[in-house]
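Enquirer:
There are 2 protein chains.
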Amino acid sequence: MNSQFPSGRMVEMRKGRLGEHEKGRPGEESFIPRVQGHDFELEEIISRGAASPEGFWYDQERNEWVLLAKGEAILRFEDEGVMEMKAGDHVLIPAGKRHRVESTSVDAVWVALHFRG
Amino acid sequence: MNSQFPSGRMVEMRKGRLGEHEKGRPGEESFIPRVQGHDFELEEIISRGAASPEGFWYDQERNEWVLLAKGEAILRFEDEGVMEMKAGDHVLIPAGKRHRVESTSVDAVWVALHFRG
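If you read the sequences in order, they're chains G and R.
Using numbering that gives the first Met the number 0, the first residue of the first sequence is number 0, and each one after it goes up by one.
Using numbering that gives the first Met the number 0, the first residue of the second sequence is number 0, and each one after it goes up by one.
1. Determine the DSSP secondary structure at G80 of chain G, reduced to helix, strand or coil.
2. K22 of chain G touches chain R at which residues, Cβ-Cβ below 7 Å?
3. Does the separation of the CB atoms of E11 of chain G and P52 of chain R fall below 9 Å?
4. Is the CB-CB distance between D38 of chain G and G15 of chain R below 9 Å?
5. What separation, rounded to the nearest whole angstrom, lies between the Cα atoms of K22 of chain G and G54 of chain R?
6. Tell me which residues share the same chain as V108 of chain R and place their Cβ nearer than 6 Å to its Cβ, disregarding the 5 neighbours each side in the sequence.
7. What span of residues does the beta strand (DSSP E) with R16 of chain R cover, start to end?
8. Which value, in whole angstroms, describes the spacing of the CA atoms of R13 of chain G and R97 of chain G?
9. Using only alpha-carbon positions, find the residue among R:S102, R:G95, R:R99 and R:R24 that is nearest to R114 of chain R.
10. Let me confirm a value: H20 of chain G is counted as buried when at least 16 other C-beta atoms fall within 10 Å, else exposed. Which label applies?
11. Considering only residues of the same chain and omitting the five flanking positions on each side of V128 of chain R, which have a CB-CB separation below 7 Å?
12. Determine the chain G residues that contact V34 of chain R at a beta-carbon separation under 7 Å, and present them in chain order.
13. Contact defined as beta carbons within less than 8 Å: I believe E77 of chain R pairs with W56 of chain R. What is the distance between those atoms, to the nearest angstrom?
14. Closest to I73 of chain R by CA distance: which of R:I31, R:R61, R:E40 and R:T103 is it?
15. What first and last residue would you give for the beta strand (DSSP E) that runs through S46 of chain G?
16. Ordered along the chain, which non-local residues of its own chain (more than five positions away) have a Cβ less than 7 Å from that of F30 of chain G?
17. Step through the CB atoms of chain G and report whether any lies within less than 9 Å of the CB of V108 of chain R.
18. Can you round the beta-carbon distance between V110 of chain G and V100 of chain R to whole angstroms, since I take them to be within the 8 Å contact cut?
19. So the candidates are R:E83, R:D58 and R:E27; which of them puts its Cα closest to the Cα of L66 of chain R?
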């Protein structure tokens, strides 16, 4: 029993760098899990110019806070229209809020935190 | 009862930008809560060149995943020495891992996720 980790799940120190998994074809997205908790997952997304397929909408069961850490992107929300994003912009997307990725720059890298309300 | 939000906590869509709360004196850190879950908190930290006071060590009860989103910084871990960080670098710091901030650039902005193991 270790009082510092009451729930018994220990983590180890780990350093990383956004975009370090750069290998992938243009237009091919990579999803890299970074941290996982009891009620959340944090992942890195390397977009490489990818967009959502035509007619596709994300309709997620969990809330998502997403930061565009590098590059540029355009999101579209079904009921609010287009949102232009530059590096440093972030948005909290409630569960069930339909949205899609209209476009991303080839250097676009995201940090996405998925969590239950 | 809303099946989309089984735990009953709803979030609203909210857009922001790292560093938008730029007001503060040089060397004065700002901590801006961004998202809160059942077992985590995500905050933005604007460092403005701040460093930990001499002899001070962070010794946190929770794990912390921290991303340097902008600028440069140097962390020191009691048992591992110095870690130089550039924008895009991130590190997972286990609870109880003693560390301090040796230095930050005036434009340093972090995203920190605190969570229990």
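All C-beta atoms, glycine included, are put in the ideal place defined by N, C-alpha and C.
Keep in mind it's a predicted model, so treat the numbers as computed, not measured.
Expert: Reading it off the structure:
1. Residue mapping note: residue 80 of chain G aligns to position 81 of the first sequence, counting from 1. Strand, per DSSP.
2. Here the question's residue 22 of chain G lines up with position 23 in the first sequence. Chain R residues near K22 of chain G: none, gap ~17 Å exceeds 7 Å.
3. The sequence position of residue 11 of chain G within the first sequence is 12, counting from 1. The sequence position of residue 52 of chain R within the second sequence is 53, counting from 1. No; because the gap between Cβ atoms is not below 9 Å, this pair is not in contact.
4. For the purposes of this step, residue 38 of chain G is taken as the residue at position 39 of the first sequence. For the purposes of this step, residue 15 of chain R is taken as the residue at position 16 of the second sequence. No, they are not a contact pair.
5. Counting from 1 along the first sequence, the entry for residue 22 of chain G is found at position 23. Counting from 1 along the second sequence, the entry for residue 54 of chain R is found at position 55. C-alpha separation (whole angstroms): 42 Å.
6. Numbered from its first residue, the second sequence carries residue 108 of chain R at position 109. Closer than 6 Å at Cβ, skipping near neighbours: L17, G18, I45, A68 and K69.
7. Against the second sequence, residue 16 of chain R aligns to sequence position 17. First-last of the beta strand (DSSP E) with R16 of chain R: R13 to R16.
8. The sequence position of residue 13 of chain G within the first sequence is 14, counting from 1. The sequence position of residue 97 of chain G within the first sequence is 98, counting from 1. Approximately 34 Å, taken between the alpha carbons.
9. For the purposes of this step, residue 114 of chain R is taken as the residue at position 115 of the second sequence. Per the sequence shown, residue 114 of chain R should be read as Phe rather than Arg. Comparing Cα positions, the closest option is R:G95.
10. For this step, residue 20 of chain G is matched to residue 21 along the first sequence. Under this definition H20 of chain G is an exposed residue.
11. Not covered by the structure: residue 128 of chain R. The range shown for chain R is 0 to 116.
12. Taking the second sequence and counting its residues from 1, the one referred to as residue 34 of chain R is at position 35. By Cβ distance, chain G contributes W64, L91 and L112.
13. Indexing the second sequence from 1 puts residue 77 of chain R at position 78. Indexing the second sequence from 1 puts residue 56 of chain R at position 57. Contact flag correct, Cβ pair sits at about 6 Å.
14. Working through the second sequence from its first residue, we reach residue 73 of chain R at position 74. The candidate whose alpha carbon is nearest that of I73 of chain R is R:T103.
15. Residue 46 of chain G sits at position 47 when you count from the first residue of the first sequence. S46 of chain G -> no beta strand (DSSP E), and no H or E assigned at all.
16. The residue you call residue 30 of chain G lines up with position 31 of the first sequence. Within the same chain, F30 of chain G has close Cβ partners E42 and I44.
17. On the second sequence, residue 108 of chain R is found 109 positions in, with the first residue counted as 1. At least one chain G Cβ lies under 9 Å of V108 of chain R.
18. Position 111 of the first sequence holds residue 110 of chain G. Position 101 of the second sequence holds residue 100 of chain R. 21 Å between Cβ atoms; not a contact.
19. In the second sequence, residue 66 of chain R corresponds to position 67, counting from 1. Of R:E83, R:D58 and R:E27, the residue nearest in Cα terms is R:E83.
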